[in-house]
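K.L.:
Residue numbers (the UniProt record's numbering): 1 to 180.
Glycine residues also receive a C-beta, built at the ideal position from the N, C-alpha and C atoms.
Sharing a structure with you now.
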């Protein structure tokens, strides 16, 4: 079961990283377009700034999920570096639990924000297919989406860290047996 979850996590994080990179490239392209229209043609675009901001928001929230999964978020590892065995497992579980709790609140508050803003439209952008506005809730949806993906990453990271701790404990006990 754990192997299936970790395989799902690898698949999910691979596509999350690809989406974040795509949003970054699109944000750069839209920002370049904005600069060209504003300073070269002196006809500023009405939609490019809002679009670039929305792409940046999505890129950041997807990137946060990748950062949590990779364990690259800023951390103070003082206690973690000084614990071994069962104490380290308890500390890893506590850290993962608190992180998941905070991310859970972010998912919940993000969903509430999406619901509250579903009828508000982004200024300066119209849907090219319908001619109507684009709901600002699409931008706010990055919050619960990124936090939910980060929860999956935190769980996968905790599983791998626990496995490493248990493997380290097994190696340490093998050394003790060999030394006796």
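1. Within 10 Å of its beta-carbon, does residue 77 have 16 or more other beta-carbons around it, so buried, or fewer, so exposed?
2. When burial is assigned at 16 or more other CB atoms within 10 Å of the CB, is residue 59 buried or exposed?
3. Roughly how many angstroms separate the alpha carbons of residue 178 and residue 89, rounded to a whole number?
4. If you compare alpha carbons, which of 161, 81 and 51 is closest to residue 29?
5. Around the Cβ of residue 211, are there at least 16 other Cβ atoms within 10 angstroms (buried) or fewer (exposed)?
6. Can you tell me whether residue 14 is buried or exposed, with buried defined as 16 or more other CB within 10 angstroms of its CB?
7. Compare the beta carbon distance of residue 12 and residue 149 with 8 Å and say whether it is the shorter of the two.
8. For residue 31, which option in 45, 126 and 96 has the closest C-alpha, if you only look at C-alpha atoms?
9. Three or more beta-carbon pairs under 8 Å between the segment 68 to 77 and the segment 35 to 43, yes or no?
10. Bridge partners for residue 126 per DSSP, in chain order?
11. With a threshold of 8 Å on Cβ separation, who are the neighbours of residue 124 within its own chain once the five nearest residues in sequence on each side are excluded?
12. Does the distance from the CB of residue 79 to the CB of residue 91 come in under 8 Å?
13. Got a sec? Which residues, its chain only, sit under 6 Å from residue 118 by beta carbon, not counting five neighbours each side?
14. Which runs of the alpha helix (DSSP H) at least 4 residues long sit entirely within the segment 48 to 103? Give them in chain order.
P.N.:
So, from the data block:
1. exposed
2. buried
3. Because the pLDDT at residue 178 is just 45, under 50, the model does not fix this residue reliably, and the value given afterwards should be weighed accordingly. Their backbone Cα atoms lie some 25 Å apart in a straight line.
4. 51
5. For the chain, the structure presents residues 1 to 180; residue 211 sits outside this window and is missing.
6. exposed
7. yes
8. 45
9. no
10. 133
11. 46, 47, 49 and 50
12. yes
13. 135 and 137
14. 48 to 70 and 78 to 81
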